[in-house]
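Asker:
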Amino acid sequence: MSSEALSTTLFLIFVAATLGITFWASRNTKTAADYYAGGRSFSAAQNGMAIGGDYMSAASFLGIAGIIALSGYDGFLYSIGFLVAWLVALLLVAELMRNSGKFTMADVLAFRMSPRPVRTAAGVSTITVSIFYLLAQMVGAGALVGLLLGIDSPAGKALTIVGVGILMIVYVVFGGMKGTTWVQIVKAVLLMTGAALITLLVLMQFGFNLSGLLGEAAAESGKGAAFLEPGLKYGTEAQGLAGKIDLVSLGIALVLGTAGLPHILIRFYTVPTAKDARKSVIWGIGIIGVFYLLTLVLGFGAAALVGGKAITAADKAGNTAAPQLAKAIGDLMFGTVGGTILLAIIAAVAFATILAVVAGLTLASSSSFAHDLYAHVIKRGKVTEKEEVRVARISAFVIGAASIGLGILAQGQNVAFLVALAFAVAASGNLPAILFSLFWKRFNTAGAVSAIYGGLLSALILVIFSPVVSGSKTALFPGADFSWFPLQNPGIISIPLGFLFGWIGTRMSKEYNAAKYAEIEVRSLTGVGAEQATPH
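The sequence shown maps to residues 2 to 537 in our numbering.
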């Protein structure tokens, strides 16, 4: 059996199993709490594994392995940034969010402020960040199928993106949070197993000598000793100061972005208590931490055993480095059949990864549209739970279609890089509003709206006029050049602007409700009253 047939068979088995889970969950999804929060029935360990499944995306598995394989030391900074970010989420956000809200990020903001403008802003921001993140997963799907089935044509990859989009819509529409969470748990187990297996085989190939692995990676990369030193991707002589600032900007965006990601924030509502929310983050950090250590071996292993030229020949952004490594190590240790089987396993795991993450993202954005924009802004709270859930399912179709279209346009970009942009947008708009709301007594409606829109628009405008969109070979529009912003990641400018807009908006408005702040302070620290309260 060829690798294409085997990997397709394994993937179809996974799809069949997860569709079974989804339809089982659909029979147990009767209320809004079931659809949005899985009935708050998951244990800390289960939710921790689902958090890991949600977070270890195609960007982590495909993008980071690829960026390390091509950029060496600078690429590993993505792994470090994604991991350290969880400390911010754990210490500042997880428990307080679980205590204060009900289904979405906007529940926390709307509690002490005028609900309609705040929910509108939060809904717009959630959908924008989710679509950015979805974009990366779709690009990963196209690259993966191109490698597996030997499809080089953009049309073939576009068809794959459409197929993944349709599957994710099915998961969300029928399974809700219950189905999506179980898909993420299954996927987390498969991904950890697959990554650990390849890591073990690579280390065995080099006699468990990391120094030998790194030396071979540097030699085969074509970059020599520079491959193991800072400055290969960021801070090169050609980039000058802008490259060094870009590196700092990337680091800030990665570390602060997680605490503002909508599909991560809603996971805190799926557990029964705030203590479970905190424990689930610790479980998540453990799983994610081990995984990112494995990406170091995967990336340098790909550089050593596949080589930079072969990686870029298959995909110029390096998104197929991990599957190529699986094939190379399998061929070396078990012959052609072994290589075929390993490639099939890793490809199927990567597909599973993409499907689980896009389901989580689509659920977050469709939930925000239905719960925040439709139920509380358009209908002013006069809506039944059944109607709200129906609107969430319809919006999943619309958001899925939008992400399919954008994913087709963004083919050729590195997926880890695309996700870093989503992190920058989340940290610029969502994070200032969340932190101010939880910790600043004077914060008000004008401040929240200013922080979300100001940070969001700052990040989007800077990205549009950056080398990401035009003016470089890897840009979305390589033939055009309207880039005046020199950095690839806007975080270093847009995140402080988000906080600044929040501060200015608050100071310009006299609105202030001391009693509501006191109540949310008690609620965020103790959880008293949060479960019974109905958000505005």
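Positions of the beta carbon are idealized from the N, C-alpha and C atoms, including for glycine. The structure displayed is predicted, hence computed values, not measured ones.
Can we say the stretch 308-324 touches the stretch 62-77, given the rule of at least three CB pairs closer than 8 angstroms?
Answerer: Inter-segment contact for the stretch 308-324 and the stretch 62-77 is present: three or more beta-carbon pairs are separated by less than 8 angstroms.
Asker: May I ask which residues mark the beginning and end of the alpha helix (DSSP H) holding G258?
Answerer: 242-258
Asker: Using three-state DSSP, classify F207 as helix, strand or coil.
Answerer: coil
Asker: Quick check on this structure: which residue in F209, L215, G261 has the alpha carbon closest to the alpha carbon of G499?
Answerer: G261
Asker: Suppose contacts are defined by Cβ-Cβ distances below 9 angstroms. Is V359 in contact with Q138 by that definition?
Answerer: Less than 9 angstroms separates the beta-carbon of V359 from that of Q138.
Asker: The alpha helix (DSSP H) spanning H538 covers which residue range?
Answerer: A query on residue 538 cannot be resolved here, the shown segment of the chain reaching from 2 to 537 and no further.
Asker: Do you know whose CA, among V390, G503, K317, lies nearest V140's CA?
Answerer: K317
Asker: Would you please state the rounded distance, in angstroms, between the beta carbons of A304 and S222? I believe it to be under 8 angstroms.
Answerer: 5 angstroms
Asker: Just to confirm, is the Cβ distance from T313 to M169 under 9 angstroms?
Answerer: no
Asker: Can you tell me where the alpha helix (DSSP H) with W87 in it begins and where it stops?
Answerer: 74-89
Asker: Give me the DSSP bridge partner(s) of S471.
Answerer: F478
Asker: Please name the residue, chosen from F24, A197, A46, V282, that lies closest to L88 on a Cα-to-Cα basis.
Answerer: Per the Cα distances, V282.
Asker: Only counting the same chain, and skipping five residues up and downstream in sequence, which positions put a Cβ closer than 7 angstroms to that of P468?
Answerer: A476, S484, Q489
Asker: Once DSSP output is grouped into helix, strand and coil, what is the label at K188?
Answerer: Reduced to three states, the DSSP call for K188 is helix.
Asker: Taking 8 angstroms as the threshold, find out whether the stretch 273-291 comes into contact with the stretch 451-463 through three or more Cβ pairs.
Answerer: no
Asker: Looking only at its chain, what residues have a beta carbon closer than 8 angstroms to the beta carbon of K383, apart from the 5 residues adjacent to it on each side?
Answerer: none
Asker: To the nearest angstrom, report how far apart T215 and F301 are at their CA atoms.
Answerer: Just to set this straight, residue 215 is Leu in the shown sequence, not Thr. Taking the straight line from one Cα to the other gives about 6 angstroms.
Asker: Assuming the contact rule is C-beta atoms closer than 8 angstroms, A348 and L145 should be a hit. Round their C-beta distance to whole Å, please.
Answerer: Yes, they are in contact, since the Cβ atoms of A348 and L145 sit about 6 angstroms apart, within 8 angstroms.
Asker: Look at L251 and A421 and say whether their C-beta atoms are less than 9 angstroms apart.
Answerer: yes
Asker: Would you say the stretch 367-376 touches the stretch 388-406, given that touching needs at least three Cβ pairs under 8 angstroms?
Answerer: Touching, yes.
Asker: Near S473, which residues of its chain fall below 8 angstroms by C-beta distance, leaving aside the five closest residues on each side in sequence?
Answerer: P479, S484
Asker: Straight-line CA distance for A26 to I355?
Answerer: Spanning the two alpha carbons is a distance of roughly 20 angstroms.
Asker: In angstroms, rounded to a whole number, what distance separates the CA positions of W441 and W504?
Answerer: 10 angstroms
Asker: Which same chain residues, not among the five before or five after L202, have their C-beta less than 7 angstroms away from its C-beta?
Answerer: I330, M334
Asker: Within a Cβ cutoff of 6 angstroms, which residues of the same chain sit near L419, ignoring the five residues on either side of it in sequence?
Answerer: L136, A137
Asker: My output table needs one value for Q489: the three-state DSSP class, helix, strand or coil.
Answerer: In the three-state DSSP reduction, Q489 falls in the coil class, being neither helix nor strand.
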